[in-house]
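Asker:
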Amino acid sequence: MKLDTGQLLSLYVTGEHDCAYLDRQQARTLFVDPRVRLDSESYQALIDCGFRRSGAHIYRPACQNCTACTPVRLPVAAFVPNRSQRRTWQRNAADITWHDGPAAFCAEHFALYQQYLQARHADGSMAEDASEDSYRRFLIDPWGGNTRLIEFRLGGRLVGVAVTDLLPLGFSAVYTFFDPALRERALGTFCVLMQIRMAQLFRRPYLYLGYWISASRKMVYKERFRPIEAWDGRQWRRFERGQGLTGSLGRTGAGSA
25 MKLDTGQLLS
35 LYVTGEHDCA
45 YLDRQQARTL
55 FVDPRVRLDS
65 ESYQALIDCG
75 FRRSGAHIYR
85 PACQNCTACT
95 PVRLPVAAFV
105 PNRSQRRTWQ
115 RNAADITWHD
125 GPAAFCAEHF
135 ALYQQYLQAR
145 HADGSMAEDA
155 SEDSYRRFLI
165 DPWGGNTRLI
175 EFRLGGRLVG
185 VAVTDLLPLG
195 FSAVYTFFDP
205 ALRERALGTF
215 CVLMQIRMAQ
225 LFRRPYLYLG
235 YWISASRKMV
245 YKERFRPIEA
255 WDGRQWRRFE
265 RGQGLTGSLG
275 RTGAGSA
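This is the structure in C-alpha cells:
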C-alpha cells in the first residue's frame with residue numbers, strides 16, 4: 025500500500041476469528057506491518073482510508089462476507105447539537121472540570137478503567153484481561169504520534185477519561201471510559217461533545233469516531249451526532265440530520281480489503 029506521503033506499507037490479513045461486535049459472525053482483520061515506524065502524518069493518511077489504531081497496531085476490518093463496520097467522522101465546524109446533547113452539555117459543563125495531559129500511566133485512571141469495563145463490558149474480552157499491562161499496551165504506550173488524555177473531574181473526583189489522538193486534520197477518539205454510576209449525566213456523550221469543542225478550538229476540521237455498526241446498540245450514539253460522514257471504501261459521504269446511515273453504503277464499505 026502506498027500512502028499519499030509516498031510511504032510504502034506492507035499489509036497483513038489475519039485468518040478468520042470470532043467477531044468482537046456481532047454474534048455468530050466471523051471476521052478478518054487487515055494490519056499494517058507493525059515494524060513500520062508511523063507518525064501523525066502517516067496515520068492521518070491511513071485513518072482517512074478507514075484504518076484505526078489500537079495500541080501500536082493500525083488495522084481495519086477485512087471480512088469476506090460482511091461490510092458492517094463503517095468508519096465515521098464529524099465535520100466539527102458544521103456540527104449542531106440536538107436538544108438532548110444541549111441538555112447534556114449544560115448539565116455537565118456547569119460543574120465538571122477538565123484537563124488534558126500527555127499519555128502517561130496514572131493509577132487513578134487505571135482504577136476507573138477497570139471499574140468501567142466491569143460495569144459496561146463484563147462479558148467482553150477486554151474485561152477478561154483488564155490488567156495494567158494490557159491497559160498500557162492499549163492506551164498508554166507510545167506509537168509514533170501524539171496522544172492526549174482528557175480527564176474530567178466532579179468536585180475533584182475523577183469521573184471520566186477520553187483518550188484522544190491529535191492528527192493534522194482532526195482529533196481521533198481512541199477510547200473513553202467514565203464512572204458508570206453517573207448514568208444520568210450521559211458522560212459518554214459529554215466526552216464526545218468536549219472533543220468536538222477542542223477540535224474546534226484547535227481548528228482541526230474532523231473528529232474521528234471509529235467504526236459504526238448498525239446492528240450494535242453500543243454504537244448507536246455515534247449516528248446521533250450530525251452531520252456525520254461515513255467512508256464507503258472510496259470517499260467520505262456526508263449524512264445530514266434525518267438521513268439514516270443504515271443500508272446507505274453499499275458493498276464498498278470499510279470491510280473490503
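Going by our numbering, the sequence shown opens with residue 25, and the numbers climb by one from there.
All C-beta atoms, glycine included, are put in the ideal place defined by N, C-alpha and C.
These figures come from a predicted structure and were not determined experimentally.
(1) In terms of residues, what are the limits of the beta strand (DSSP E) holding G212?
(2) Mapping DSSP to helix, strand and coil, what is D119?
(3) On a CA-only basis, which of V100, L70, E132 and E264 is nearest M222? Give me that one, please.
(4) Counting only the same chain and skipping the five closest in sequence on each side, list residues whose C-beta sits under 7 Å from that of R115.
(5) Flag L233 as yes when its Cβ comes closer than 6 Å to any non-hydrogen atom of the ligand GTP, and as no otherwise.
(6) Start and end of the beta strand (DSSP E) containing Y245?
(7) Thinking C-beta only, is I164 closer than 7 Å to A127?
(8) Give a yes or no on whether the C-beta atoms belonging to A143 and P192 are separated by under 7 Å.
(9) Roughly how many angstroms lie between the CA atoms of S240 and F103, to the nearest whole one?
(10) Going by beta-carbon coordinates alone, are G169 and S64 separated by less than 7 Å?
(11) Would you tell me roughly how many angstroms separate the C-alpha atoms of F214 and Y83, rounded to the nearest one?
(12) If you draw a straight line from the alpha carbon of G279 to that of W167, how long is it in whole angstroms?
(13) Looking at F249 and Q219, is the spacing between their C-beta atoms short of 7 Å?
(14) For Q139, which of T121, G180 and Y159 has the nearest alpha-carbon?
(15) If you draw a straight line from the C-alpha of G184 to the C-alpha of T200, how long is it?
(16) Provide the residue span of the alpha helix (DSSP H) that contains Y137, from first to last.
(17) Any idea what DSSP makes of S108, helix, strand or coil?
(18) Classify Y36 as buried or exposed, calling it buried when 16 or more other Cβ atoms lie within 10 Å of its own Cβ.
(19) When you compare the CB positions of T38 and R52, do they come within less than 7 Å of one another, or not?
Answerer: Taking the coordinates as given:
(1) Not the beta strand (DSSP E): G212 falls in the alpha helix (DSSP H), residues L211 to L225.
(2) coil
(3) V100
(4) R209
(5) This structure simply doesn't include the ligand GTP, nor any ligand for that matter.
(6) From DSSP, Y245 is part of no beta strand (DSSP E); its letter is neither H nor E.
(7) yes
(8) no
(9) 23 Å
(10) yes
(11) 27 Å
(12) Low confidence applies here, because G279 scores a pLDDT of 36, under 50, leaving its location unreliable; read the following figure in that light. When rounded, the distance between both Cα atoms is 24 Å.
(13) no
(14) Y159
(15) 7 Å
(16) A131 to R144
(17) helix
(18) exposed
(19) yes
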